[in-house]
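Peer 1: Sequences listed follow chains A and B, in order. Counting the first sequence from 1 gives a position; my numbering is that position plus 21. Counting the second sequence from 1 gives a position; my numbering is that position plus 79. The beta-carbon is built from N, C-alpha and C at its ideal position, and this holds for glycine as well.
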Amino acid sequence: MTYISLSVGDLAVGALLIVANGILSLGLGLKLERTLLISTFRMIVQLTLVGYVLTAVFELSSPFWTGTIAAVMIVFAGYEVSARQERRLVGVWSYGLGATAMMFSSTLVTVLALTTQIGPSPWYDPQYAIPLLGMVLGNSMTGIALGLNTLTSNLARDRIAIEAQLCLGASRWTACGPMLRAAIRTGMMPMINAMAAAGLVSLPGMMTGQIMAGVPPTEAVRYQILIMFLIVGATGLGVLMTVFGGLAYLTDTRHRLRLDRLKQSRMT
Amino acid sequence: MLRLRQLAPLGLEPIDLTLDDGACLTVGGPSGSGKTIFLRAIADLDLNGGEAATASLVRSGVDASTWRSSVAYIPAESGWWADVVGPHMPEGDPRPLLESVGLDLSCLGWTVSRLSTGERQRLALVRALISNPDVLLLDEPTSALDAESTAQVEQLIKDRQARGATVVLVTHDVEQRLRFSGHHAHIEHGRLEFQDEEVAA
């Protein structure tokens with residue numbers, strides 16, 4: 022394959038753009054220069070480390086190390102979902118709900134793609150497994166975080182209306198049905214929009230990367246279509262699990278609304 | 080009939096109580112003393128301990144939907160989930176009930192967001208009574224009503240009592256309390272005290 026390798030000097034030239042932004046922030050008094058600097062350094066350090074880690078793991082090609090990297094990725098994704106919640110769940114589910122849902126949905130979809138469609142040998146070959154899981158996790162994470170946030174916000178907002186239905190003898194599923202559906206819809210929307218815009222408004226990153234690495238565009242497009250299917254599949258399954266799990270946790274078998282299992286809003 | 084055995088609402092001492100068919104218990108006490116929490120605990124809307132029963136149902140033996148259809152809690156602030164009034168009404172004929180509180184069937188087409196507080200309060204009572212519950216748990220049912228509507232709502236509650244319904248009525252209004260002859264309880268400092276001990280069984 023033909024691709025142009027980048028030198029450190031090339032990156033330094035690119036970094037001038039960050040410097041330009043920093044000067045802009047100083048000049049306009051935006052007070053962004055500090056966070057900009059920290060974020061830039063974090064990005065450089067994190068990506069450099071990941072580069073070395075991936076190189077090592079690719080060379081080892083052991084199921085144990087591939088699995089370990091996958092587990093670490095899922096842990097961070099679970100943390101991200103929890104961090105993006107306006108109101109967090111109380112207790113271990115604050116973190117565990119999104120992480121569990123992603124562990125099931127993303128792992129299932131990724132393993133399915135590896136064993137039946139892409140078929141590297143061995144199927145857990147980290148060169149395929151890790152980037153694939155990364156893309157599936159990263160995208161389904163957004164949907165899951167949005168879906169859960171919509172659910173908890175709506176349950177808190179509509180408490181009086183929900184309890185009015187419960188008082189008249191409705192089950193928790195009936196009383197919370199509209200909030201459940203709204204949460205699932207909101208969680209699915211970004212990926213549905215991304216599919217509709219793909220190729221017209223946005224060129225997906227993976228496809229772009231493959232093309233720059235010398236893969237014929239039609240080949241790259243086929244990969245991208247598969248990736249989209251995988252992401253939508255994982256998002257749908259993950260959002261469904263998270264939202265149903267969240268509703269089951271925030272209600273109980275006596276059909277009560279249990280907002281005591283939800284922390285106060287963190288945003289003003 | 081309503082029977083409570085060591086019912087323990089959050090923050091209140093356990094309560095024992097027996098009210099016969101057609102009996103009424105008025106409940107008073109300062110704001111924040113736990114009057115609403117008491118009613119919500121009977122309706123099983125919050126975590127609570129102990130047991131509650133009607134003449135035909137034991138709370139722990141039936142699912143929550145069955146219990147709440149029979150033991151109707153009507154909160155001070157009514158909740159609405161559809162745009163117009165109609166879909167909030169359970170199956171049954173709301174007309175006699177609507178007429179008894181000075182409304183008619185045309186209100187079913189009204190937009191909820193344009194209802195007055197008093198209209199909401201009366202409609203919330205109507206929708207809870209359609210299924211003929213055995214026990215009524217009323218939280219300040221006339222707080223937003225003028226004298227005429229208050230009289231209509233009180234008469235409706237008394238009619239239900241005459242037909243055998245047991246009523247627990249939370250009210251700040253001493254005169255209203257006296258208009259409902261029956262038992263009285265006062266909640267303060269986490270304790271519910273009965274004025275006459277005969278119901279505390």
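1) Do the stretch 192-208 of chain B and the stretch 225-245 of chain B touch if we need at least three Cβ pairs shorter than 8 Å?
2) Taking the alpha carbon of Leu177(B) as the reference point, which residue from Ser148(B), Ala207(B) and Leu124(B) has its own alpha carbon closest?
3) For Trp189(B), return the contacting residues in chain E, with the cut-off set at a CB-CB distance below 7 Å.
4) Rounded to whole angstroms, what's the CA-CA distance from Asp213(B) to Met124(A)? Just pull it up for me.
5) In whole angstroms, what separates the C-alpha of Ser179(B) from that of Arg147(B)?
6) For Asp142(B), does the three-state DSSP call read helix, strand or coil?
7) Would you mind stating whether Val246(B) and Leu215(B) have Cβ atoms separated by less than 7 Å?
8) Which residues in chain B have a C-beta closer than 8 Å to the C-beta of Leu187(A)? List them in chain order.
9) Just reading off the alpha helix (DSSP H) that Gly267(A) is part of, what are its end residues?
10) Mind checking which residues open and close the alpha helix (DSSP H) that includes Ile139(A)?
11) If we count the other Cβ atoms within 10 Å of its Cβ and call it buried at 16 or more, is Asp275(B) buried or exposed?
12) Which residues of chain B have a Cβ atom closer than 9 Å to the Cβ of Ser192(A), listed in chain order?
13) Counting only Cβ-Cβ distances shorter than 8 Å, please list the residues of the stretch 199-233 of chain A near chain B, keeping chain order.
14) Excluding sequence positions up to five away, which residues of its chain have a Cβ less than 7 Å from the Cβ of Thr289(A)?
15) So with Cβ pairs under 7 Å, would you call Tyr24(A) a contact of chain B?
16) In its own chain, which residues sit with a C-beta less than 6 Å from the C-beta of Glu267(B), not counting the 5 before and 5 after it?
17) Can you give the Cα-Cα distance for His265(B) and Phe265(A), rounded to whole angstroms?
18) Ser195(B) touches chain A at which residues, Cβ-Cβ below 8 Å?
19) DSSP three-state call for Thr289(A): helix, strand or coil?
20) Rounding to the nearest angstrom, what Cα-Cα distance links Gly119(A) and Ile213(A) in this structure?
21) Nearest chain A C-beta to Gly158(B) closer than 7 Å, yes or no?
22) Is the Cβ-Cβ distance between Ala87(B) and Asn127(B) less than 7 Å?
Peer 2: In terms of the structure at hand:
1) Cβ pair count under 8 Å is three or more, so yes.
2) Taking the first residue of the second sequence as 1, we reach residue 177(B) at position 98. The option with the nearest alpha carbon to Leu177(B) is Ala207(B).
3) Absence of chain E from the displayed structure is noted, the protein chains being A and B.
4) The sequence position of residue 213(B) within the second sequence is 134, counting from 1. The sequence position of residue 124(A) within the first sequence is 103, counting from 1. For Asp213(B) and Met124(A), the distance between alpha carbons rounds to 49 Å.
5) Here residue 179(B) refers to the residue found at position 100 when the second sequence is read from its first residue. Here residue 147(B) refers to the residue found at position 68 when the second sequence is read from its first residue. Computed Cα separation, rounded: 23 Å.
6) As a position in the second sequence, residue 142(B) is number 63, starting the count at 1. Looking at Asp142(B) - three-state DSSP - the assignment turns out to be coil, as it is neither helix nor strand.
7) Taking the first residue of the second sequence as 1, we reach residue 246(B) at position 167. Taking the first residue of the second sequence as 1, we reach residue 215(B) at position 136. Yes, the pair counts as a contact, with Cβ atoms nearer than the cut-off.
8) Locating residue 187(A) in the first sequence gives position 166, counting from the first residue. Under a criterion of Cβ atoms nearer than 8 Å, the residues of chain B adjacent to Leu187(A) are, in order, Leu124, Ala143 and Arg147.
9) As a first step, residue 267(A) is located in the first sequence; it is residue number 246 there, counting from the start. For Gly267(A), the enclosing alpha helix (DSSP H) stretches over residues Pro238 to Tyr270.
10) In the first sequence, residue 139(A) corresponds to position 118, counting from 1. Note, Ile139(A): premise wrong, no alpha helix (DSSP H); not H, not E.
11) Numbered from 1 along the second sequence, position 196 holds the residue referred to as residue 275(B). With a threshold of 16 other beta carbon atoms within 10 Å, Asp275(B) falls short and is exposed.
12) The residue given as residue 192(A) occupies position 171 in the first sequence. Near Ser192(A) (Cβ distances below 9 Å), the residues of chain B are Asp142, Ala143 and Ser144.
13) Of all residues in the stretch 199-233 of chain A, Pro199 have a Cβ within less than 8 Å of some Cβ in chain B.
14) Position 268 of the first sequence, counting from 1, holds the residue named residue 289(A). Legend: pLDDT at Thr289(A) = 48, less than 50; position of this residue unreliable, no value from coordinates given.
15) Translated into the one-based positions of the first sequence, residue 24(A) becomes position 3. False, the Cβ-Cβ gap to chain B never drops below 7 Å.
16) Taking the second sequence and counting its residues from 1, one reaches residue 267(B) at position 188. In its chain, beyond the 5 residues on either side, Gly108 and Ser112 have a beta carbon closer than 6 Å to the beta carbon of Glu267(B).
17) Within the second sequence, residue 265(B) is the residue found at index 186, counting from 1. Within the first sequence, residue 265(A) is the residue found at index 244, counting from 1. Distance from the CA of His265(B) to the CA of Phe265(A), rounded to the nearest whole angstrom, comes to 42 Å.
18) Your numbering for residue 195(B) matches position 116 in the second sequence. Here the premise fails: no neighbours, minimum Cβ distance about 17 Å.
19) Position 268 of the first sequence, counting from 1, holds the residue named residue 289(A). Residue placement at Thr289(A) is poorly supported in this model, since its pLDDT is 48, which falls under 50; the coordinates are not used for a value here.
20) Taking the first sequence and counting its residues from 1, the one referred to as residue 119(A) is at position 98. Taking the first sequence and counting its residues from 1, the one referred to as residue 213(A) is at position 192. Gly119(A) and Ile213(A): Cα-Cα distance of roughly 20 Å.
21) By 1-based counting over the second sequence, the position of residue 158(B) is 79. With respect to chain A, the C-beta atom of Gly158(B) has a partner C-beta closer than 7 Å.
22) Within the second sequence, residue 87(B) is the residue found at index 8, counting from 1. Within the second sequence, residue 127(B) is the residue found at index 48, counting from 1. In this structure, the beta-carbon distance from Ala87(B) to Asn127(B) falls below 7 Å.
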